[in-house]
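In this note's numbering, the protein residues as written are 299 to 502.
A virtual CB, placed ideally from N, CA and C, is assigned to each residue, including glycine.
As the structure is a computational prediction, the values presented were derived from the model and not from experiment.
Input: a single structure, listed below in structure tokens.
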């Protein structure tokens, strides 16, 4: 349902130009049909099915929420907090989707109870969306920044560096002091750089 890979792995993660084994298309069709039929109505009185968490699954989701809330209260920005509020809703939806997929794959019996394993998978997927959303937001915030020049500067610096070192390297690359400090200011909250102390930074 969702294919995610590390961009650095490039074409090695893509499907090869070979024929799929016989029957794959039919199996996929059956899987999707079973998944779509999993929700909806109860067969007896056509009332909507109501799904709930077992105690362990709910604890997994609550612990994930609490841990991230604490991390955001200590280190997160206002945008991080706002993004996470939305991501929490996604996580609950992911629980239902993953539960239905596991039923369709006959990994679990038909049930309206979401278990711990499903909840854990949902939180991992939600974390992916959360981190990706933060990354996208930071790129938007960069606005008119010349990304090529910024990454030229970043690549020329050591993993750990000071603002003075960044200015010196920027001068070699014909990037002004004010532009270097704008890069550092915009990127010092955990996407490309992490501020480790006064005038000190570490590349991520």
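| query | Is it true that the region 380 to 390 meets the region 361 to 369, where meeting means three or more beta-carbon pairs spaced less than 8 Å apart? | reply | Yes: the two stretches touch, three or more of their Cβ pairs being nearer than 8 Å.
| task | Tell me residue 412's beta-bridge partners as DSSP assigns them. | result | Per DSSP, 351.
| request: Identify, in the order they occur along the chain, each residue of the same chain with its Cβ nearer than 6 Å to the Cβ of residue 481, setting aside the five sequence neighbours on each side. | output: Excluding sequence positions up to five before and after residue 481, its CB lies within less than 6 Å of the CB of 448, all in the same chain and listed in chain order.
| Residue closest to residue 430, alpha-carbon to alpha-carbon, out of 371, 404, 453, 490 | For residue 430, the closest of 371, 404, 453, 490 by C-alpha to C-alpha distance is 490.
| request: Let me know the secondary structure DSSP gives residue 500 once reduced to three states. | output: Of the three classes helix, strand and coil, the one that applies to residue 500 here is strand, per DSSP.
| field | Which of helix, strand or coil DSSP assigns to residue 457 | value | It is coil, neither helix nor strand.
| task | Determine which residues share a DSSP beta bridge with residue 332 and list them. | result | DSSP lists no partner for residue 332.
| task | Count the other CB atoms, across all protein chains shown, that sit within 10 Å of the CB of residue 322; report buried if there are 16 or more and exposed otherwise. | result | Using a 10 angstroms sphere on the CB of residue 322, the tally of other CB atoms stays under 16, which defines it as exposed.
| query | So the beta strand (DSSP E) residue 494 belongs to, where does it begin and stop? | reply | Per DSSP, the continuous beta strand (DSSP E) segment holding residue 494 begins and ends at 491 to 495.
| If you draw a straight line from the alpha carbon of residue 462 to that of residue 497, how long is it in whole angstroms? | Using only the alpha carbons, I get a separation of about 8 Å.
| message | So, at 6 Å on beta carbons, what are the nonlocal neighbours of residue 506 in its own chain, with the 5 sequence-adjacent residues on each side left out? | response | The structure shown does not extend to residue 506, since the chain spans only 299 to 502, so no value can be given for it.
| For residue 350, which residues from the same chain have a beta carbon less than 8 Å from its beta carbon, with the 5 sequence-adjacent residues on both sides left out? | For residue 350, same chain residues with a beta-carbon under 8 Å away, outside a window of 5 residues either side, are 410, 411, 412 in chain order.
| query | How would you call residue 428, buried or exposed, if buried means at least 16 neighbouring beta carbons within 10 angstroms? | reply | Buried, by the Cβ-count rule.
| task | Measure the Cβ-Cβ separation of residue 421 and residue 396 and say whether it is below 8 Å. | result | Not a contact, by the Cβ cut-off of 8 Å.
| query | Which residues in the same chain have their Cβ closer than 6 Å to the Cβ of residue 423, if we skip the five residues on either side of it in sequence? | reply | These residues qualify, in order along the chain: 392.
| message | Need the endpoints of the alpha helix (DSSP H) that residue 378 sits in, please. | response | Boundaries of the alpha helix (DSSP H) harbouring residue 378: 376 to 402, taken from the DSSP string.
| Nearest to residue 414 (by Cα), restricted to the options 331, 434, 358, 473 | Among 331, 434, 358, 473, the Cα nearest to that of residue 414 belongs to 358.
| Which residues mark the beginning and the end of the alpha helix (DSSP H) in which residue 477 is found? | Counting along the chain, the alpha helix (DSSP H) containing residue 477 begins and ends at 475 to 484.
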